[in-house]
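S.K.: Supplied in structure tokens, the structure appears directly below.
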Amino acid sequence: MRTLARWIVLLFAVLAPGWLSSATYFVATNGNDQDNGLFPAYLGEKNGPFRTLTRAATALKAGDALEIRGGTYSEKVDFYADGTPSSRITISNYNNEPVIIDGQYALPAGNVYLFLVLVSGDHVTLSNGLSVYIKPFTF
34 MRTLARWIVL LFAVLAPGWL SSATYFVATN GNDQDNGLFP AYLGEKNGPF RTLTRAATAL
94 KAGDALEIRG GTYSEKVDFY ADGTPSSRIT ISNYNNEPVI IDGQYALPAG NVYLFLVLVS
154 GDHVTLSNGL SVYIKPFTF
């Protein structure tokens with residue numbers, strides 16, 4: 034019985050850091066990139082959502098989640114962080130609030146083709162409910 038208990042303690046010691054270190058980050062159009070991003074609304078001090086998707090993307094690591102509050106985000110964003118098969122990174126809209134990533138102000142003029150949202154990390158899940166929208170413009 035003691036051997037089983039030791040194995041359980043050892044297993045917990047190995048796996049717990051990954052479980053305990055994952056976080057859920059939030060982004061809101063009225064957020065602040067100086068906040069910690071750990072709350073869906075501002076609670077005082079530095080406790081509130083990030084303002085930009087770019088800032089949130091720099092915080093993500095394996096096992097984390099990003100919930101985007103409703104609104105229009107006019108920016109280009111690259112998600113480079115890697116998840117793992119057992120600790121995916123999940124990006125979704127908060128409580129089904131409508132989210133638009135609008136490239137009208139983010140893409141350069143001319144015949145330059147860029148990705149508005151680039152997910153190059155492994156084991157990243159984007160949920161439906163996120164819209165990427167580029168308003169009509171001419172080249």
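In the numbering used here, the protein residues as written are 34 to 172.
Using N, Cα and C, we set each Cβ at its ideal position, and we do this for glycine too.
Computed from a predicted model, the values in this text were never measured in an experiment.
1) Across the region 58 to 67 and the region 80 to 88, are there enough close Cβ pairs to call them in contact, namely three or more that are closer than 8 Å?
2) Mind checking who Leu99 pairs with in its DSSP beta bridge?
3) Would you mind working out which of Asp68, Pro118 and Gly103 sits nearest Pro131, comparing C-alpha positions?
4) Taking the beta carbon of Pro73 as the centre, do at least 16 other beta carbons fall within 10 Å, making it buried, or is it exposed?
5) How many angstroms separate the CA atom of Ala114 from the CA atom of Asp135?
6) From the DSSP output, which residues share a beta bridge with Tyr106?
7) Have a look at Gly77, Gln67 and Ile124 and flag the residue whose alpha-carbon is nearest the alpha-carbon of Gly96.
8) What are the start and end residues of the alpha helix (DSSP H) that includes Arg88?
9) Please classify Gly116 as buried or exposed, where buried requires at least 16 neighbouring CB atoms within 10 angstroms.
10) Measure the CB-CB distance between Ala92 and Gly64 and report whether it falls below 7 Å.
11) Nearest by alpha-carbon distance to Asn129: which of Ile101, Ser54 and Ala56 is it?
M.R.: Reading from the atomic positions:
1) yes
2) Tyr58 and Ile124
3) Gly103
4) buried
5) Roughly 22 Å between the two C-alpha positions.
6) Ile134
7) Answer by Cα proximity: Ile124.
8) Boundaries of the alpha helix (DSSP H) harbouring Arg88: Leu86 to Ala92, taken from the DSSP string.
9) With 16 or more other CB atoms across the displayed protein chains lying within 10 angstroms of its CB, Gly116 is buried.
10) no
11) Ile101
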